[in-house]
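Asks: Under my numbering, the first residue of the sequence shown carries the number 145, and numbering increases by one thereafter. Where is the CB? At the ideal position from N, CA and C, for every residue including glycine.
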Amino acid sequence: MEVHAHTHTARKKFTHYLWEFLMLFLAVFCGFLAENLREHKIESDREKQFIRSLLEDLREDTLILTANINDCAAHLERNDSLIRLLNSNDIKEHGSDLYYLGRWASRGIRLAVHDLTIQQMKNSGGFRLIRKEKVSKAIIEYYNLLVFITYLQNVGMDEQQEYRKMAIDVFHPILFGDVVKPDNTITRPQGNPSLLTYESKVLLRLAGMLSYIKNTKLGLIGAETNMKVVAIELIQLIKKEYHLSEGTPLEK
Numbered sequence: 145m146e147v148h149a150h151t152h153t154a155r156k157k158f159t160h161y162l163w164e165f166l167m168l169f170l171a172v173f174c175g176f177l178a179e180n181l182r183e184h185k186i187e188s189d190r191e192k193q194f195i196r197s198l199l200e201d202l203r204e205d206t207l208i209l210t211a212n213i214n215d216c217a218a219h220l221e222r223n224d225s226l227i228r229l230l231n232s233n234d235i236k237e238h239g240s241d242l243y244y245l246g247r248w249a250s251r252g253i254r255l256a257v258h259d260l261t262i263q264q265m266k267n268s269g270g271f272r273l274i275r276k277e278k279v280s281k282a283i284i285e286y287y288n289l290l291v292f293i294t295y296l297q298n299v300g301m302d303e304q305q306e307y308r309k310m311a312i313d314v315f316h317p318i319l320f321g322d323v324v325k326p327d328n329t330i331t332r333p334q335g336n337p338s339l340l341t342y343e344s345k346v347l348l349r350l351a352g353m354l355s356y357i358k359n360t361k362l363g364l365i366g367a368e369t370n371m372k373v374v375a376i377e378l379i380q381l382i383k384k385e386y387h388l389s390e391g392t393p394l395e396k
């Protein structure tokens, strides 16, 4: 009867198991690092995208603010002229100017900044991607300036609504409408059209409301001038913090 010898597999040493563990650990760790680097790159690219878009918004804002400030200044000049005419002794000789200036006075000026980027950042949690705290804080402070400007604009709209209610007692509605052309421009009427009334009390009330509108417009000019300065400073801060030269976009 044959007897078969049993074969025995040599037991693995402890160092072999340790080596396998280290190799597995390194594989998992490297995968973790690779994923972290990938996420970091994605977030860095998104930050650059937000910054590029925000810079463009700020440049557009400076142009819009400049236009609004100039429009408000022109509006003030026209209102001052209208106030003087309403209080002049020869008011009946300036019918054309009164209708022209009176129609302009009923119009408001609204500031509409480019806030698409900031709204996207708020809605998507993009603010956390702005790693430079100084820039993030300056962005928030810049857009917070809109709160006061919006308040003044709302006050101005209320005042102009009151002005319109008073104006219908002073200006003939057909003539008042005819000075507005199809392209929405305002022209002086021909001749020397008469007002509906030359009663001093009525005209003084209208001039008084124009004075309120003037003060609000002065406040808007100050607030929008300040916002323009802050916009320019923010542009320079972003360029400095992100090492951007004039006219050089962030790398894509």
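What does the Cβ neighbour count give for residue 304, buried or exposed, with the cut at 16 atoms within 10 Å?
Replies: With a 10 Å radius around the Cβ and a threshold of 16 neighbouring Cβ atoms, residue 304 comes out buried.
Asks: How big is the Cα-Cα spacing for residue 252 and residue 388?
Replies: 38 Å
Asks: Going by CA-CA distance only, name the one from 220, 159, 199 and 193 that's closest to residue 351.
Replies: 220
Asks: Helix or strand or just coil, what does DSSP make of residue 274?
Replies: coil
Asks: Just tell me which of 343, 208 and 327 has its CA closest to the CA of residue 371.
Replies: 208
Asks: Residue 345: which of 231, 241, 275 and 263 sits nearest, CA to CA?
Replies: Cα-wise, what sits closest to residue 345 is 231.
Asks: Apply the 10 Å Cβ neighbour rule to residue 373 and answer buried if 16 or more other Cβ atoms are within range, or exposed otherwise.
Replies: exposed
Asks: Kindly give me the distance between the Cβ atoms of residue 278 and residue 385, rounded to whole angstroms, as I take these residues to be in contact under 8 Å.
Replies: 7 Å
Asks: Say the cut is 7 Å; is the CB of residue 383 nearer than that to a heavy atom of the ligand HEM?
Replies: This structure lacks the ligand HEM, and indeed carries no ligand of any kind.
Asks: Within 10 Å of its beta-carbon, does residue 335 have 16 or more other beta-carbons around it, so buried, or fewer, so exposed?
Replies: exposed
Asks: Take the Cβ of residue 229 as the centre, count every other Cβ of all protein chains shown within 10 Å, and call the residue buried at 16 or more, exposed below.
Replies: buried
Asks: Going by beta carbon distance, what residues of the same chain come within less than 8 Å of residue 245, once the five residues before and after it are set aside?
Replies: Within its own chain, the residues whose Cβ lies closer than 8 Å to the Cβ of residue 245, once the five positions on either side in sequence are excluded, are 222, 223, 225, 226 and 229, listed in chain order.
Asks: For residue 301, which residues of its own chain have a beta-carbon under 8 Å away from its beta-carbon, when the five flanking residues on both sides are left out?
Replies: 252
Asks: Are residue 205 and residue 367 close, meaning C-beta to C-beta below 8 Å?
Replies: Taking the C-beta atoms as reference points, residue 367 is found no nearer than 8 Å to residue 205.
Asks: Excluding sequence positions up to five away, which residues of its chain have a Cβ less than 7 Å from the Cβ of residue 369?
Replies: 213
Asks: Where does residue 330 sit, in a helix, a strand or coil, going by DSSP?
Replies: strand
Asks: For residue 299, does the three-state DSSP call read helix, strand or coil?
Replies: helix
Asks: When DSSP labels each residue in this structure, what does residue 257 get in the three-state scheme?
Replies: In the three-state DSSP reduction, residue 257 falls in the coil class, being neither helix nor strand.
Asks: For residue 291 versus residue 360, is the C-beta distance shorter than 8 Å?
Replies: no
Asks: Between which two residues does the alpha helix (DSSP H) carrying residue 388 extend?
Replies: Looking at the DSSP string, residue 388 is not in any alpha helix (DSSP H), and its letter there is neither H nor E.
Asks: What's the C-alpha gap between residue 377 and residue 203?
Replies: Between the alpha carbons of residue 377 and residue 203 lies a gap of roughly 11 Å.
Asks: State the CB to CB distance for the pair residue 340 and residue 249, rounded to an integer number of angstroms; the pair is presumed to be in contact (CB under 8 Å).
Replies: Contact check for residue 340 and residue 249: beta-carbon distance about 16 Å, past the 8 Å limit, so the pair fails to qualify.
Asks: By DSSP's criteria, residue 324 is part of a beta bridge. Which residues make up the other side?
Replies: 330
Asks: With burial defined as no fewer than 16 other Cβ atoms inside 10 Å of the residue's Cβ, what is the status of residue 260: buried or exposed?
Replies: exposed
Asks: Taking the straight line between their C-alpha atoms, what separation do you get for residue 297 and residue 283?
Replies: 22 Å
Asks: For residue 247, collect the residues of the same chain with a Cβ closer than 7 Å to its Cβ; drop the 5 residues on either side in sequence, then sort them by chain order.
Replies: If we look at residue 247 and ignore the five residues flanking it on each side, its Cβ neighbours are 320, 323, 324 and 330.
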